[in-house]
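Peer 1:
2 protein chains.
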Amino acid sequence: MRTLIITGGSFDRAFAASFYKKNVYDYVIAVDGGLDYCTESGIRPDMIVGDFDTHGNDDLDGYAREGITVRRFIPEKDDTDTEIAIHEAVKRGNETDVLGAFGGRLDHTLANIHNLYFALANGIRARLVSADNIVFLENKPFEITREYFPLKYVSFVPFAGEVTGMKLKGFKYTLDGYTLKPGYSRCISNELTDDTAYVSMDSGILIAINSADSGL
Amino acid sequence: MRTLIITGGSFDRAFAASFYKKNVYDYVIAVDGGLDYCTESGIRPDMIVGDFDTHGNDDLDGYAREGITVRRFIPEKDDTDTEIAIHEAVKRGNETDVLGAFGGRLDHTLANIHNLYFALANGIRARLVSADNIVFLENKPFEITREYFPLKYVSFVPFAGEVTGMKLKGFKYTLDGYTLKPGYSRCISNELTDDTAYVSMDSGILIAINSADSGL
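So the protein sequences, as listed, match chains X and W. To convert, take the position in the first sequence, counting from 1, and add 174; that gives my numbering. To convert, take the position in the second sequence, counting from 1, and add 174; that gives my numbering.
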């Protein structure tokens with residue numbers, strides 16, 4: 175079971191369309207401006223979340239009549255919309271992808287990375303996905319496949335303090351018992367050499383990032 | 175005394191030009207692709223750092239003859255170029271601004287935020303600066319002025335674990351003894367109400383972010 179969250183951040187519409195085509199989701203949550211993208215693209219969300227200050231009540235009532243769950247919040251809650259959507263996805267127990275989590279504002283991007291922690295703490299894998307960056311958090315040994323991380327570079331950054339006993343196998347640069355400390359930009363720009371690579375640690379939480387040079 | 179680091183990430187050239195005009199720097203370090211921007215813009219760096227795989231040795235020898243310090247690294251060291259530049263700035267004891275630290279690749283952006291830690295640990299304030307985002311780290315009480323953080327929103331994200339006893343004064347949303355934990359997107363989209371606002375904490379390291387909606 176998989177959930178797709180479409181948030182109001184900026185994203186490449188061509189990428190979003192091809193990503194939506196390639197993946198199958200059981201449940202779609204549109205967050206605030208993400209609803210406009212759904213409408214444009216003919217995607218019917220199962221839930222919409224946001225303050226919708228640009229939408230009238232009539233619109234929202236219409237969605238509710240169509241059987242779409244509407245969760246409306248006051249604008250002061252705006253910045254936790256994606257958090258609320260991730261909580262909803264986690265409640266459903268679904269692996270979750272989030273489109274539109276990156277944009278111009280770096281504080282929103284960092285908040286969205288932090289929002290992944292709720293999923294991790296509840297044993298659900300959630301990813302932030304764009305054309306150039308795919309991000310998830312992990313605190314236990316895991317595999318990375320080329321299918322899950324299709325872009326060229328694989329990087330690791332510590333999430334909330336150091337990550338001890340890191341081991342990397344199946345990568346261009348391997349590690350065996352490394353401590354990744356905050357403040358050091360190691361573990362950037364690694365690459366998979368095998369179709370499936372292995373990552374483990376004794377303690378700590380990793381931000382795993384799959385990225386490509388965008389040429390921007 | 176202030177140092178400007180110009181790195182090879184993507185940045186708005188018009189913003190960079192106006193930012194360079196408004197600020198006075200004693201020392202300029204060009205990192206890898208940032209050297210091209212310097213050449214285009216008639217900025218003479220005092221030091222250049224990078225692997226310069228797109229530049230011939232002759233070019234670099236030319237810079238050296240002009241009295242510019244050249245620090246050349248093998249390409250495998252590429253991703254720590256900005257780190258090396260920050261270390262050089264810290265050695266000089268200078269407050270430091272970094273242009274070009276944000277770009278398409280989120281792993282580079284996160285690595286650049288982590289690179290600020292070396293400056294913090296050595297008592298030097300360093301900022302990553304773009305048209306839409308200004309970022310620094312802090313682990314002791316500090317002031318924020320509108321001059322230092324001119325954009326609309328001020329957000330705080332914990333850097334390497336929780337930040338305890340947070341107090342905010344002079345902001346739209348104030349705090350008095352709050353614990354900011356990793357995994358929660360609180361402290362996003364605050365705003366200054368006074369020309370100088372105050373932030374303090376009992377323990378922990380904050381990522382302070384000044385941002386504006388880019389309209390992208």
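All C-beta atoms in this analysis are idealised placements derived from N, C-alpha and C, irrespective of residue type, glycine included. These figures come from a predicted structure and were not determined experimentally.
Smallest Cα separation from F226 of chain X: which of X:M375, X:R246, X:G216 and X:P332?
Peer 2: Position 52 of the first sequence holds residue 226 of chain X. Per the Cα distances, X:R246.
Peer 1: Cβ of F310 of chain X less than 8 angstroms from any chain W Cβ?
Peer 2: Along the first sequence, read from residue 1 onward, the residue named residue 310 of chain X stands at position 136. For F310 of chain X, the answer is no, since every Cβ of chain W falls outside 8 angstroms of its Cβ.
Peer 1: Can you check whether the CB of A263 of chain W is closer than 8 angstroms to the CB of A204 of chain W?
Peer 2: Translated into positions along the second sequence, residue 204 of chain W becomes position 30. Translated into positions along the second sequence, residue 263 of chain W becomes position 89. For A204 of chain W and A263 of chain W, no; Cβs fall outside 8 angstroms.
Peer 1: Whole-angstrom Cβ separation of G344 of chain W and D368 of chain W, contact assumed at under 8 angstroms?
Peer 2: The residue you call residue 344 of chain W lines up with position 170 of the second sequence. The residue you call residue 368 of chain W lines up with position 194 of the second sequence. G344 of chain W to D368 of chain W, Cβ: 4 angstroms. Contact.
Peer 1: When you compare only the Cα positions, how much space is there between V202 of chain X and H288 of chain X?
Peer 2: One-based indexing of the first sequence puts residue 202 of chain X at position 28. One-based indexing of the first sequence puts residue 288 of chain X at position 114. Approximately 21 angstroms, taken between the alpha carbons.
Peer 1: If the cut is a Cβ gap below 8 angstroms, which residues of chain X does D306 of chain W touch?
Peer 2: The residue given as residue 306 of chain W occupies position 132 in the second sequence. The answer, in chain order, is G278, R279 and L280.
Peer 1: Go through its chain and collect everything with a Cβ distance to I242 of chain W's Cβ below 7 angstroms, but skip five positions before and after it.
Peer 2: Locating residue 242 of chain W in the second sequence gives position 68, where the first residue counts as 1. Contacts found: P219, D220, M221 and I222.
Peer 1: Within the continuous beta strand (DSSP E) that includes E262 of chain X, where are the two ends?
Peer 2: The residue given as residue 262 of chain X occupies position 88 in the first sequence. Counting along the chain, E262 of chain X falls outside any beta strand (DSSP E), though it belongs to the alpha helix (DSSP H) covering D255 to K265.
Peer 1: Tell me which residues of the segment 344-372 of chain X have at least one Cβ-Cβ distance to chain W shorter than 7 angstroms, keeping chain order.
Peer 2: Residues passing the 7 angstroms Cβ filter: P356, G357, Y358, S359, I362 and S363.
Peer 1: Check the Cβ of H288 of chain X against every Cβ in chain W and list those closer than 7 angstroms, keeping chain order.
Peer 2: On the first sequence, residue 288 of chain X is found 114 positions in, with the first residue counted as 1. In chain order: V331, P356, G357, Y358 and S359.
Peer 1: In terms of residues, what are the limits of the beta strand (DSSP E) holding I248 of chain W?
Peer 2: Within the second sequence, numbered from 1, the residue matching residue 248 of chain W stands at position 74. Here I248 of chain W belongs to no beta strand (DSSP E), and DSSP marks it neither H nor E.
Peer 1: Under 9 angstroms Cβ-Cβ, which residues of chain X neighbour A204 of chain W?
Peer 2: Numbered from its first residue, the second sequence carries residue 204 of chain W at position 30. Going along chain X, no residue has its Cβ under 9 angstroms from A204 of chain W, so there is no contact; the nearest lies around 19 angstroms.
Peer 1: Going by DSSP, name the residue or residues bridged to P332 of chain X.
Peer 2: Sequence index remark: in the first sequence, residue 332 of chain X carries index 158 (1-based). BP columns for P332 of chain X point to X:L380.
Peer 1: Would you check if the distance between the CB atom of A371 of chain W and the CB atom of E317 of chain W is smaller than 8 angstroms?
Peer 2: What you label residue 371 of chain W is simply residue 197 of the second sequence in a count that begins at 1. What you label residue 317 of chain W is simply residue 143 of the second sequence in a count that begins at 1. In this structure, E317 of chain W lies closer than 8 angstroms to A371 of chain W by Cβ.
Peer 1: Name the residues in the segment 258-275 of chain X whose C-beta lies less than 8 angstroms from a C-beta of chain W; which are they?
Peer 2: none
Peer 1: At the level of alpha carbons, what is the spacing between F130 of chain W and R239 of chain X?
Peer 2: An answer regarding residue 130 of chain W cannot be provided, because it is not within the stretch 175 to 390 covered by chain W.
Peer 1: Can you tell me which of the three DSSP states A364 of chain X falls into?
Peer 2: Here the question's residue 364 of chain X lines up with position 190 in the first sequence. The sequence given here places Asn at residue 364 of chain X; Ala does not occur at that position. Three-state result, N364 of chain X: strand.
Peer 1: Spatial neighbours of I383 of chain X within its chain, please: C-beta separation below 6 angstroms, excluding the five flanking residues on both sides.
Peer 2: Position 209 of the first sequence, counted from the first residue, corresponds to residue 383 of chain X. Taken in chain order, the residues that qualify are V309 and S329.
Peer 1: Mind checking which residues open and close the beta strand (DSSP E) that includes A300 of chain X?
Peer 2: Here residue 300 of chain X refers to the residue found at position 126 when the first sequence is read from its first residue. Unbroken beta strand (DSSP E) run through A300 of chain X: A300 to V303.
Peer 1: Who are the near neighbours of G339 of chain X in its chain, counting only those whose CB is closer than 6 angstroms to its CB and skipping five residues on each side?
Peer 2: The residue labelled residue 339 of chain X in the question sits at position 165 within the first sequence. Contacts found: G351, M375 and D376.
Peer 1: Taking buried to mean at least 16 other C-beta atoms within 10 Å of its own C-beta, is S215 of chain X buried or exposed?
Peer 2: Against the first sequence, residue 215 of chain X aligns to sequence position 41. Around the beta carbon of S215 of chain X, a 10 Å sphere encloses fewer than 16 other beta carbons of the protein chains shown; the residue is thus reported as exposed.
Peer 1: Going by the beta-carbon positions, is the gap between D271 of chain X and N197 of chain X smaller than 8 angstroms?
Peer 2: For this step, residue 271 of chain X is matched to residue 97 along the first sequence. For this step, residue 197 of chain X is matched to residue 23 along the first sequence. Contact flag set, yes.
Peer 1: Answer yes or no: does any C-beta atom of chain W fall closer than 8 angstroms to that of S377 of chain X?
Peer 2: As a working mapping, residue 377 of chain X is identified with position 203 in the first sequence. Output row for S377 of chain X: interface = no.
Peer 1: Under a Cβ-count criterion, where at least 16 other Cβ atoms within 10 Å of its own Cβ denotes burial, should A295 of chain X be classed as buried or exposed?
Peer 2: Here residue 295 of chain X is taken as the residue at index 121 of the first sequence, counted from 1. A295 of chain X should be labelled exposed.
Peer 1: Between the alpha carbons of F292 of chain W and A386 of chain W, how many angstroms are there, rounded?
Peer 2: The residue given as residue 292 of chain W occupies position 118 in the second sequence. The residue given as residue 386 of chain W occupies position 212 in the second sequence. Whole-angstrom Cα-Cα distance: 27 angstroms.
Peer 1: Are the C-beta atoms of A334 of chain X and some chain W residue less than 8 angstroms apart?
Peer 2: Here residue 334 of chain X corresponds to residue number 160 of the first sequence, with the count starting at 1. It does; some Cβ of chain W falls within 8 angstroms.
Peer 1: Against T177 of chain X, what residues of chain W qualify as contacts under a CB-to-CB distance less than 8 angstroms, listed in chain order?
Peer 2: In the first sequence, counting from the first residue as 1, residue 177 of chain X sits at position 3. Here the premise fails: no neighbours, minimum Cβ distance about 19 angstroms.
Peer 1: Buried or exposed: where does I258 of chain X fall if 16 or more other Cβ atoms within 10 Å of its Cβ makes it buried?
Peer 2: Locating residue 258 of chain X in the first sequence gives position 84, where the first residue counts as 1. Its Cβ being crowded by 16 or more others within 10 Å, I258 of chain X is buried.
Peer 1: So that I know if they touch, is there some Cβ in chain W lying closer than 8 angstroms to that of R187 of chain X?
Peer 2: As a first step, residue 187 of chain X is located in the first sequence; it is residue number 13 there, counting from the start. No, because no Cβ of chain W sits closer than 8 angstroms to the Cβ of R187 of chain X.
Peer 1: Cutting at 7 angstroms between CB atoms, please list the residues of its own chain near I217 of chain X, excluding the five before and the five after it.
Peer 2: Within the first sequence, numbered from 1, the residue matching residue 217 of chain X stands at position 43. Hits under 7 angstroms: Y194 and V202.
Peer 1: Closer than 8 angstroms by beta-carbon distance: list the chain W residues that pair up with D387 of chain X, in chain order.
Peer 2: In the first sequence, counting from the first residue as 1, residue 387 of chain X sits at position 213. Residues of chain W passing the Cβ test: G278 and R279.
Peer 1: Taking the beta strand (DSSP E) that K343 of chain W belongs to, which residues open and close that run?
Peer 2: Taking the second sequence and counting its residues from 1, one reaches residue 343 of chain W at position 169. Segment V337 to K343, the beta strand (DSSP E) holding K343 of chain W.
Peer 1: At the level of alpha carbons, what is the spacing between L311 of chain W and Y211 of chain X?
Peer 2: Here residue 311 of chain W corresponds to residue number 137 of the second sequence, with the count starting at 1. Here residue 211 of chain X corresponds to residue number 37 of the first sequence, with the count starting at 1. Roughly 35 angstroms separates the two Cα atoms.
Peer 1: By the three-class DSSP mapping on this structure, what secondary structure does L325 of chain X have?
Peer 2: As a working note, residue 325 of chain X is residue 151 in the first sequence. Coil at L325 of chain X, not helix or strand.
Peer 1: If you draw a straight line from the alpha carbon of Y237 of chain X to that of T177 of chain X, how long is it in whole angstroms?
Peer 2: Residue numbering aside, residue 237 of chain X sits at position 63 when the first sequence is read from its first letter. Residue numbering aside, residue 177 of chain X sits at position 3 when the first sequence is read from its first letter. Roughly 19 angstroms separates the two Cα atoms.
Peer 1: Would you list, in sequence order, the uninterrupted beta strand (DSSP E) runs of no fewer than 3 residues that lie entirely inside the segment 182-212 of chain X?
Peer 2: 201-205
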